[in-house]
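Q:
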Amino acid sequence: MDKPSMLQLLPAEIICLIIDHLPCESLAIIRLCLPGLDNVILRRLFRSIHVTFTNKHLKKLQDVAASPHIAPHVQELIWMPSRAHGSHSRRGYVPAWRTKFFECLDTMPNLHTFVTAYNRPLRTKSNQPDGLSCVLLPAISRSQSLIASLRCQDPLMQVDWLKNTNHPSIGVPQSPVMGHAASVVTILRIDVQGSPPWMSDKQFLTAFKDAVEATINLRRLCVRWNCSKDNPRFPKSNARFMQHVVLSSQWQHLRTLELDCCLTTRQARSISSFIKNHAATLRHVALRIKHPHKQISSLVSRLAQAEENIKLHRFILYHSRNNPCCENRSSQELTVIPEQLVLDFINSIGQARDPFAGMSVQESDHCATIADQEMPFYPDNNDMISACRQCEQPKGNQ
1 MDKPSMLQLL
11 PAEIICLIID
21 HLPCESLAII
31 RLCLPGLDNV
41 ILRRLFRSIH
51 VTFTNKHLKK
61 LQDVAASPHI
71 APHVQELIWM
81 PSRAHGSHSR
91 RGYVPAWRTK
101 FFECLDTMPN
111 LHTFVTAYNR
121 PLRTKSNQPD
131 GLSCVLLPAI
141 SRSQSLIASL
151 RCQDPLMQVD
161 WLKNTNHPSI
171 GVPQSPVMGH
181 AASVVTILRI
191 DVQGSPPWMS
201 DKQFLTAFKD
211 AVEATINLRR
221 LCVRWNCSKD
231 NPRFPKSNAR
241 FMQHVVLSSQ
251 WQHLRTLELD
261 CCLTTRQARS
271 ISSFIKNHAA
281 TLRHVALRIK
291 HPHKQISSLV
301 SRLAQAEENI
311 KLHRFILYHS
321 RNNPCCENRS
331 SQELTVIPEQ
341 LVLDFINSIG
351 QARDPFAGMS
361 VQESDHCATI
371 ADQEMPFYPD
381 NNDMISACRQ
391 CEQPKGNQ
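When you line the sequence shown up against full-length UniProt numbering, it's residues 1 to 398, in that order.
1. Can you list, in chain order, the residues of its chain whose CB lies under 6 Å from that of A12, leaving out five sequence neighbours each side?
2. Is it a yes or a no for the stretch 64 to 76 touching the stretch 42 to 52, going by three-plus beta-carbon pairs under 8 Å?
3. Output yes or no for whether 8 Å exceeds the beta carbon distance between L188 and L221.
4. In terms of residue numbering, what span does the alpha helix (DSSP H) encompassing residue 405 cover?
5. Could you tell me the distance, in whole angstroms, from the CA atom of K100 to the CA atom of T215?
6. Going by alpha carbons, who is nearest to V94 out of G131, W79 and V115?
7. Judging by CA-CA distance, which residue of D191, Q351, D154 and S145 is the nearest neighbour of V185?
8. Please return the same chain residues whose Cβ sits closer than 8 Å to the Cβ of residue 411, not counting the five positions on each side in sequence.
9. In the DSSP assignment, the beta strand (DSSP E) including A286 goes from what residue to what residue?
10. Relative to the alpha-carbon of E363, which residue among K209, L334 and A279 has its alpha-carbon at the smallest distance?
11. Under a three-way DSSP split, which group does M375 fall into?
12. Hey, out of A28, H57 and N55, whose CA is closest to S43's CA?
13. Is W79 closer than 8 Å to A139 when the C-beta atoms are compared?
14. For P72, I'd like the list of residues in its chain whose CB is within less than 8 Å of its CB, leaving aside the five on either flank, ordered along the chain.
15. Tell me, which residues are paired with A368 by DSSP?
16. So, for N277: in the same chain, excluding its five sequence neighbours on each side, which residues have a beta-carbon less than 6 Å away from its beta-carbon?
17. Any C-beta of chain B sitting closer than 8 Å to the C-beta of V285?
18. What span of residues does the alpha helix (DSSP H) with D63 cover, start to end?
19. Determine, using beta carbons only, whether I310 and C367 come nearer to each other than 8 Å.
20. Does the distance from the CB of V115 to the CB of R151 come in under 8 Å?
21. Put T281 into one of helix, strand or coil per three-state DSSP.
22. How would you label R206, buried or exposed, when you count the other beta carbons within 10 angstroms and need 16 or more for buried?
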């Protein structure tokens, strides 16, 4: 028996483990040599597809969509920022491109995630359309959309051209939402790194808020900020973005909230208001603290005193050990408070005692419900919540 045949006799778990460590070029060769592993290899080769406004990428997507053997394996489309291209601004180019793109989506039954990739050196020029508002948001707003997850990496840096005058020649919709409630149900993740000087533009923020809030079926919201060593402070403009866009939005079915924050007085007030406004459905809250601040105990007290019937299953509060924002943090030891004590106090169970009672201001400044966590550097995947015992499914599926 030759070695290729022996490979196919290995348990499926071992075959998958081997294939996961091989580059795509090797997988293409193995697929030719071992037809029996076709499904396993195709699943990895075509799980994610990168797309831009170029005809080259559209042709590739059309070829994949036309194949009944490959199309079912596509689960994720990653929109890459592209360099300026003259044809993009040509009248009718974007609407025609978008129509063909939608046709491809309808033939991929397992496609469930859109990602806007962040690439700062390739910022979209002001006269060029971007994929997020011209293609992705209209796509998830269609009645037949199967997209359940949307991850926006620095969306404000990508759509800065919207601040300029209207662009009727490239077919930009008057509103990113085209008459149908978006179908995103699993997670909306907004990763923000840049700090555009025009973030106070109320007209733009209102339009973006409408697009974000249109995901009315959303179950999980995650907002993360990148603090680099060059700019370790929480950007004020980004704080305004969270204040005006995210924490002022309303969802009917939201169950999980994950935030990077530094808990200034204003943000603590906004977070508590957001939780109270979603008290009927919200069950899981995770706050990753960028800077130690005196508002931790104040936030918990606001929630405990709320008239709304707050019933949280999880309340996770922690600091990230390898976060550049926290490198200059005080050397004071972190005080870990049992999460259940905080939950009982917030949920007003019995005569629950204030877990911060008797603590000095400095001690409450360095409180957490879990110890410092080593987190992958931005923008690597670093989900803050793993599972909830009171829920039937992991929170990643909420």
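No residue lacks a Cβ here, since even glycine has one placed at the ideal position from N, Cα and C.
A: From the atom records:
1. So the list is empty, once near-sequence residues are dropped.
2. Taking a cut-off of 8 Å for Cβ pairs, the stretch 64 to 76 and the stretch 42 to 52 touch, as three or more such pairs fall below it.
3. Judged by beta-carbon spacing, L221 lies within the 8 Å limit of L188, meaning their Cβ atoms are closer than that value.
4. Because the chain here runs from 1 to 398, residue 405 falls outside it and cannot be looked at.
5. K100 and T215 have their C-alpha atoms roughly 24 Å apart.
6. Looking at the Cα atoms, G131 is the closest of the given residues.
7. Closest by C-alpha distance to V185, out of D191, Q351, D154 and S145, is S145.
8. The first residue shown for the chain is 1 and the last is 398, placing residue 411 beyond what the model contains.
9. Taken as a continuous stretch (DSSP letters only), the beta strand (DSSP E) holding A286 covers H284 to I289.
10. In terms of Cα proximity to E363, the closest of K209, L334 and A279 is L334.
11. At M375 the pLDDT is 49, less than 50, meaning the model places this residue with poor confidence; the figure from the coordinates comes in the next sentence. Reduced to three states, the DSSP call for M375 is coil.
12. The question names Ser, but residue 43 in the sequence shown is Arg. Of the listed residues, the one whose Cα sits closest to R43 is A28.
13. Not closer than 8 Å, so no.
14. Within the same chain, M108, P109 and N110 come within 8 Å of P72 by CB-CB distance, once the 5 residues on both sides are set aside.
15. DSSP links A368 through a beta bridge to V336.
16. Cβ-Cβ distances below 6 Å link N277 to nothing in the same chain once the five nearest sequence neighbours on each side are left out.
17. Looking at the structure shown, chain B is missing, and only one protein chain is on hand.
18. Taken as a continuous stretch (DSSP letters only), the alpha helix (DSSP H) holding D63 covers N55 to A66.
19. No, these two residues do not count as a Cβ contact at 8 Å.
20. Closer than 8 Å, so yes.
21. DSSP, reduced to helix, strand and coil, places T281 outside both helices and strands of the structure shown, so it counts as coil.
22. Note on identity: in this sequence residue 206 is Thr, with Arg being the wrong assignment. It counts as exposed.
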